[in-house]
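One structure is given here, and the rest of the page talks about it.
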Amino acid sequence: MRLETEWLAERWETMTLIRRAEERIAEMVESGEVRCPCHLYIGQEAVAAGVCAALTAADTIWGGHRSHGHYLAKGGSLAGLFGEVLLKVTGCAGGRGGSMHLAAPEVGVPGTVPIVAGTIPLAAGAAFAYKLRGEDTVAVAFFGDGALEEGHVHESMNLAALYRLPLVLICENNLYASHLHWSERRVADNLDRAGEFHSVPGEQVDGNDVVAVHAAARSAVERARSGDGPTLIECRTFRWRGHVGASFDLDVGVERRGELVEWLPRDPVRRLADQLVERGVVDLAQREQAINARIDSAVEDARAAQQPAPHVERQEALCAR
Amino acid sequence: MRTLTYAQAIREAHAQMLELDARVFVIGQGLWSPWYAGASLEGLDREFGCARVVDTPVSENAVTGMAVGAALAGLRPIVFHPRMDFMLLAMDPIVNQAANWSYLFGGHGASCGDVPLVIRAVINRGGEQGAQHSQALHAMFMHVPGLKVVMPSTPADAKGLLMAAMADPGPVLYIDDRWLYAERGEVVAEPFTVTIGEAVVRRGGSDITLIGISWMAAECMRAAGILEREGIGAEVIDLRSLKPWDKEMVAASVSRTGRAVVADGGWRTAGASADIAAEIAERCFADLTAPVRRVTLPDAPAPANRAQEQAYYPGAEQIAAAARAVLTGGADGRTKRAAA
Numbered sequence: 004m005r006l007e008t009e010w011l012a013e014r015w016e017t018m019t020l021i022r023r024a025e026e027r028i029a030e031m032v033e034s035g036e037v038r039c040p041c042h043l044y045i046g047q048e049a050v051a052a053g054v055c056a057a058l059t060a061a062d063t064i065w066g067g068h069r070s071h072g073h074y075l076a077k078g079g080s081l082a083g084l085f086g087e088v089l090l091k092v093t094g095c096a097g098g099r100g101g102s103m104h105l106a107a108p109e110v111g112v113p114g115t116v117p118i119v120a121g122t123i124p125l126a127a128g129a130a131f132a133y134k135l136r137g138e139d140t141v142a143v144a145f146f147g148d149g150a151l152e153e154g155h156v157h158e159s160m161n162l163a164a165l166y167r168l169p170l171v172l173i174c175e176n177n178l179y180a181s182h183l184h185w186s187e188r189r190v191a192d193n194l195d196r197a198g199e200f201h202s203v204p205g206e207q208v209d210g211n212d213v214v215a216v217h218a219a220a221r222s223a224v225e226r227a228r229s230g231d232g233p234t235l236i237e238c239r240t241f242r243w244r245g246h247v248g249a250s251f252d253l254d255v256g257v258e259r260r261g262e263l264v265e266w267l268p269r270d271p272v273r274r275l276a277d278q279l280v281e282r283g284v285v286d287l288a289q290r291e292q293a294i295n296a297r298i299d300s301a302v303e304d305a306r307a308a309q310q311p312a313p314h315v316e317r318q319e320a321l322c323a324r
Numbered sequence: 053m054r055t056l057t058y059a060q061a062i063r064e065a066h067a068q069m070l071e072l073d074a075r076v077f078v079i080g081q082g083l084w085s086p087w088y089a090g091a092s093l094e095g096l097d098r099e100f101g102c103a104r105v106v107d108t109p110v111s112e113n114a115v116t117g118m119a120v121g122a123a124l125a126g127l128r129p130i131v132f133h134p135r136m137d138f139m140l141l142a143m144d145p146i147v148n149q150a151a152n153w154s155y156l157f158g159g160h161g162a163s164c165g166d167v168p169l170v171i172r173a174v175i176n177r178g179g180e181q182g183a184q185h186s187q188a189l190h191a192m193f194m195h196v197p198g199l200k201v202v203m204p205s206t207p208a209d210a211k212g213l214l215m216a217a218m219a220d221p222g223p224v225l226y227i228d229d230r231w232l233y234a235e236r237g238e239v240v241a242e243p244f245t246v247t248i249g250e251a252v253v254r255r256g257g258s259d260i261t262l263i264g265i266s267w268m269a270a271e272c273m274r275a276a277g278i279l280e281r282e283g284i285g286a287e288v289i290d291l292r293s294l295k296p297w298d299k300e301m302v303a304a305s306v307s308r309t310g311r312a313v314v315a316d317g318g319w320r321t322a323g324a325s326a327d328i329a330a331e332i333a334e335r336c337f338a339d340l341t342a343p344v345r346r347v348t349l350p351d352a353p354a355p356a357n358r359a360q361e362q363a364y365y366p367g368a369e370q371i372a373a374a375a376r377a378v379l380t381g382g383a384d385g386r387t388k389r390a391a392a
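As given, the protein sequences belong to chains A and B, one line each in that order.
Going by the working numbering, the first residue of the first sequence is number 4, and it counts up by one from there.
Going by the working numbering, the first residue of the second sequence is number 53, and it counts up by one from there.
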């Protein structure tokens, strides 16, 4: 029981780290200090935390434009994140990418890209490599509900099922693709069944419940490791902030204001904190202070770091290798 | 030395790399079929197994993306597109992902962020196949930073450039042409590489430089033979690599001859020939005695009808005619600077 409580507390720490880091980024966006496009993950933290807790350091995760949370949950550094959103040389992509291009290969984050669903075939390819080499490594693709409207996701699911690849597909259904509500894009609410035609089993879980997300992810990862192929998990959640930037995007969608009122009380971080308090954990405030101190320090370091030099020749050399 | 056909040379490069390097695998459409790749992949599945020679469903985008991901995970994939036209469905993994990756995500250690990927595309022109089974789209890809593009014209280069592409740490687009598959030439039996970015002078000459790409390099050689009988000494440069292309060798030759014809089997507007001609103008302006001419496809889709095909595809005769026009100042009244 104590072990389980500590495990939950660690998940809460990961989720709180993501929440506070992103709130800081939101402030820096509003003040104009961060200018690159930032797609915030606030409200969805249980998905990254629950899934990444089911992975080893060797397992890889592949993400999209909204990947701060995945990067941090897999162990990417705060210094790399803040350096990158400020486009400094200390950024995890050397200040060449910005918020949408995060990487921490040493902990299994090869790179995130903003082309919707662009990394899903790449994740399948990494899984293909693990299988060909006889490793028990797993690749996990994180993507939003909008990604399932891209054709190559279906190609990838078929290929992954056909070759029984160690791939886990995590669809974070936050109800919106950019500004469009799901009901403006699809007839039926059935994303968990998107893999059926390709023989990829699917499951829907409460994406704001880290325990439920983790349980589903763990089964899917075990299935992948044992050679039984890919699984699709639809994590039903909601992004509080807008598609991009710090606002709440109340000017789009079907009834976004009402949805927000409905979803805010389902706050995944608060839910977990309440459970921990019930279990007798008394030091959440101290743990949060420590997290805030780490963020303060990373922000200060990133502010002090150098800008990349504007050398065209160096840029040319980097892509000519 | 023994001779091989162009297609056999491609197959030999595959077989030797599959034998030498456990990281190499081939994936794409038609690999288990005798008729997609001609002799260029014949029997590789039986020799190396279907786990490393993987015939796929018609899913160009995801299959190419998988090859990118496998390369990032440490394998050395060759992703095969038996008709380049279909490869357009894979633009995202090629242009957005493979080409950008090392620029964005390099810098995390030795080979981290490398995409050691070969994308092999075949041009299938002619044969009444029409507008979507015949396109030569190399110029689109040489436009993209981060991609290398090679187009061999001889059996030896077909092998050497493929082995170089496989050894390269970055993504290389290797384009071969079905019209060259039966060409025969000497090929070293052992594994070897041809340096990407190095052109080759196929024959010397002092009156004019003919710069050819892929099958148009072969046509340039035939054109040089025609011109020789007329007393014109044409130097032929086979470019072999399009990105990077050998600007130094071309500039040195054109500065010496003072005249150039660029022959490319792609379209004219914003084609490979346009870049080459522009570079010649920048580097050799003072040495040019006549304007550079280009021999290309017209800016029109490939026809299907055989007579129309014959009019559409230029060859040695058109290259020779362009060379004569450069040497005489041309029928359009443009005069040589030297004579002015």
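Quick reminder that beta carbons are idealized off the backbone N, C-alpha and C, glycines included.
Give me the chain B residues within the contact set of A:His-104, using Cβ-Cβ distance strictly less than 8 Å, ordered along the chain. As a working mapping, residue 104 of chain A is identified with position 101 in the first sequence. Simply Leu-156, Phe-157.
Decide if A:Met-103 is buried, meaning its Cβ has at least 16 other Cβ atoms within 10 Å, or exposed. Stepping through the first sequence from its first residue, residue 103 of chain A is reached at position 100. Note on A:Met-103: 16 or more other CB atoms within 10 angstroms of its CB, so buried under the neighbour-count rule.
State buried or exposed for B:Val-53, treating a residue as buried only when at least 16 other CB atoms are found within 10 Å of its CB. Along the second sequence, one-based indexing puts residue 53 of chain B at 1. A quick correction: the sequence has Met, not Val, at residue 53 of chain B. Here B:Met-53 is exposed: its Cβ has fewer than 16 other Cβ atoms, across all protein chains shown, within 10 Å.
How about B:Asp-209: is its C-beta nearer than 9 Å to some C-beta of chain A? Locating residue 209 of chain B in the second sequence gives position 157, counting from the first residue. Not one beta carbon of chain A lies nearer than 9 Å to the beta carbon of B:Asp-209.
Which residues of the region 263-278 of chain A have a Cβ closer than 7 Å to any Cβ of chain B? Give them in chain order. Here the close residues number zero.
Does the beta carbon of B:Val-201 come closer than 9 Å to any beta carbon on chain A? As a first step, residue 201 of chain B must be located in the second sequence, where it is residue number 149. Not closer than 9 Å to any Cβ of chain A, the Cβ of B:Val-201 fails to qualify, so no.
DSSP-derived helix/strand/coil call for B:Arg-386: On the second sequence, position 334 is the one that residue 386 of chain B refers to. Confidence at B:Arg-386 is low in this model, with a pLDDT of 46, below 50, so its placement is unreliable and no value can be given for it.
Same chain, Cβ closer than 7 Å to A:Phe-241, five either side skipped, listed in chain order: Indexing the first sequence from 1 puts residue 241 of chain A at position 238. Taken in chain order, the residues that qualify are Gly-46, Asn-177, Leu-178, Glu-262, Trp-266.
Candidates A:Glu-9, A:Leu-6, A:Ala-24: closest to A:Ile-298 by CA position: Position 295 of the first sequence holds residue 298 of chain A. Checking every option, the nearest Cα to that of A:Ile-298 belongs to A:Ala-24.
When you compare the CB of B:Met-33 with every CB in chain A, is at least one pair closer than 9 Å? A question about residue 33 of chain B goes unanswered here, because the residues of chain B that appear run from 53 up to 392.
Beta-bridge pairing of B:Pro-129 - partner residues as DSSP gives them: On the second sequence, position 77 is the one that residue 129 of chain B refers to. B:Phe-77.
Starting from B:Gln-149, find everything on chain A with Cβ-Cβ shorter than 7 Å and list it in chain order. Indexing the second sequence from 1 puts residue 149 of chain B at position 97. Those are Val-116, Gly-121, Leu-125, listed as they occur along chain A.
State yes or no: is the beta carbon of B:Val-120 nearer than 9 Å to at least one beta carbon in chain A? Taking the second sequence and counting its residues from 1, the one referred to as residue 120 of chain B is at position 68. Yes - at least one Cβ of chain A is within 9 Å of the one on B:Val-120.
Under 8 Å Cβ-Cβ, which residues of chain B neighbour A:His-155? For the purposes of this step, residue 155 of chain A is taken as residue 152 along the first sequence, with counting starting at 1. Correct list: Ser-111, Asn-113, Ala-114, Gly-117, Asp-144.
For my contact list, B:Asp-166 and B:Gly-256 are in at a C-beta cut-off of 8 Å; report their separation, rounded to the angstrom. What you label residue 166 of chain B is simply residue 114 of the second sequence in a count that begins at 1. What you label residue 256 of chain B is simply residue 204 of the second sequence in a count that begins at 1. Contact doesn't hold; Cβ gap of about 39 Å is too wide.
According to DSSP, is B:Arg-104 helix, strand or coil? Counted from its first residue, the second sequence places residue 104 of chain B at position 52. B:Arg-104 falls in the coil class under three-state DSSP.
Given a threshold of 16 other Cβ atoms within 10 Å of its Cβ, counted over all protein chains shown, does B:Ser-92 qualify as buried or as exposed? The count along the second sequence starts at 1 and reaches residue 92 of chain B at position 40. Buried, by the Cβ-count rule.
Please report the residue range of the alpha helix (DSSP H) in which A:Gly-154 lies. The sequence position of residue 154 of chain A within the first sequence is 151, counting from 1. It spans 154-165 - the alpha helix (DSSP H) in which A:Gly-154 sits, taken as one unbroken run.
When A:Ala-96, A:Pro-313, A:Ile-123, A:Arg-282 are compared against B:Val-115, the one with the closest alpha-carbon: Translated into positions along the second sequence, residue 115 of chain B becomes position 63. Put simply, of A:Ala-96, A:Pro-313, A:Ile-123, A:Arg-282 the residue whose alpha carbon is nearest the alpha carbon of B:Val-115 is A:Ile-123.
Expected contact under 8 Å - CB spacing of B:Val-196 and B:Ile-248 to nearest Å: Here the question's residue 196 of chain B lines up with position 144 in the second sequence. Here the question's residue 248 of chain B lines up with position 196 in the second sequence. That belief does not hold up - the Cβ atoms of B:Val-196 and B:Ile-248 are roughly 15 Å apart, past 8 Å.
Buried or exposed by the 16-neighbour rule on C-beta atoms within 10 Å, applied to B:Gly-90: Translated into the one-based positions of the second sequence, residue 90 of chain B becomes position 38. For B:Gly-90, the number of other beta carbons within 10 angstroms of its own is at least 16, and it is reported as buried.
As assigned by DSSP and simplified to three states, the class of A:Cys-174: On the first sequence, residue 174 of chain A is found 171 positions in, with the first residue counted as 1. Strand at A:Cys-174.
Unbroken beta strand (DSSP E) runs of length 3 or more, entirely within the region 9-69 of chain A: which are they? Within the region 9-69 of chain A, the complete beta strand (DSSP E) segments of 3 residues or longer fall at 63-65, listed in chain order.
Between B:Gly-82 and chain A, is there a C-beta pair that is closer than 9 Å? As a working note, residue 82 of chain B is residue 30 in the second sequence. Chain A contact via Cβ: absent.
Buried or exposed: where does B:Ser-163 fall if 16 or more other Cβ atoms within 10 Å of its Cβ makes it buried? Walking along the second sequence from the start, residue 163 of chain B turns up at place 111. By the C-beta density criterion, B:Ser-163 is exposed, having fewer than 16 other C-beta atoms within 10 angstroms.
Residues of the region 82-100 of chain A whose Cβ lies closer than 7 Å to any Cβ of chain B, in chain order: Those would be Ala-96, Gly-97, Arg-99, Gly-100, in chain order.
Quick one: measure Cβ to Cβ for A:Leu-279 and B:Gly-121, integer angstroms, because I've assumed they're closer than 8 Å. The sequence position of residue 279 of chain A within the first sequence is 276, counting from 1. The sequence position of residue 121 of chain B within the second sequence is 69, counting from 1. Contact flag wrong, Cβ pair sits at about 38 Å.
Distance, B:Leu-156 Cα to A:Arg-244 Cα: The residue you call residue 244 of chain A lines up with position 241 of the first sequence. The residue you call residue 156 of chain B lines up with position 104 of the second sequence. CA-CA distance, A:Arg-244 to B:Leu-156, rounds to 27 Å.
Examine chain B for any beta-carbon lying closer than 9 Å to the beta-carbon of A:Trp-65, and answer yes or no. The residue you call residue 65 of chain A lines up with position 62 of the first sequence. Chain B, which has a Cβ nearer than 9 Å to the Cβ of A:Trp-65, makes this yes.
Could you say which of B:Trp-84, B:Ala-356, B:Gly-80 lies nearest to B:Gly-178 if we only look at CA atoms? Here residue 178 of chain B refers to the residue found at position 126 of the second sequence. Just measuring C-alpha positions, the residue of B:Trp-84, B:Ala-356, B:Gly-80 sitting nearest B:Gly-178 is B:Ala-356.
Which residues in chain A sit within 8 Å of B:Thr-108, going by Cβ to Cβ distance? Here residue 108 of chain B corresponds to residue number 56 of the second sequence, with the count starting at 1. Scanning chain A for C-beta atoms nearer than 8 Å to the C-beta of B:Thr-108 yields Leu-162, reported in chain order.
Straight-line Cα distance separating A:Ala-163 from B:Thr-57: Within the second sequence, the letter at position 5 stands for residue 57 of chain B. Within the first sequence, the letter at position 160 stands for residue 163 of chain A. Taking C-alpha positions only, B:Thr-57 is separated from A:Ala-163 by approximately 37 Å.
Counting contacts by CB-CB distance shorter than 9 Å, is A:Ala-60 in contact with chain B? For the purposes of this step, residue 60 of chain A is taken as the residue at position 57 of the first sequence. Interface annotation, A:Ala-60: not in contact with chain B, CB-CB separation never under 9 Å.
Taking 9 Å as the CB-CB limit, is B:Trp-153 close to chain A? Along the second sequence, one-based indexing puts residue 153 of chain B at 101. Among the CB atoms of chain A, one or more fall inside 9 Å of the CB of B:Trp-153.
Rounded to a whole number of angstroms, what is the C-alpha to C-alpha distance between B:Ile-284 and B:Leu-213? Here residue 284 of chain B refers to the residue found at position 232 when the second sequence is read from its first residue. Here residue 213 of chain B refers to the residue found at position 161 when the second sequence is read from its first residue. Going by C-alpha positions, B:Ile-284 is about 31 Å away from B:Leu-213.
Whose Cβ in chain B lies nearer than 8 Å to the Cβ of A:Glu-359? Absent from the model: residue 359 of chain A. The displayed extent of chain A is 4 to 324, so no value can be given.
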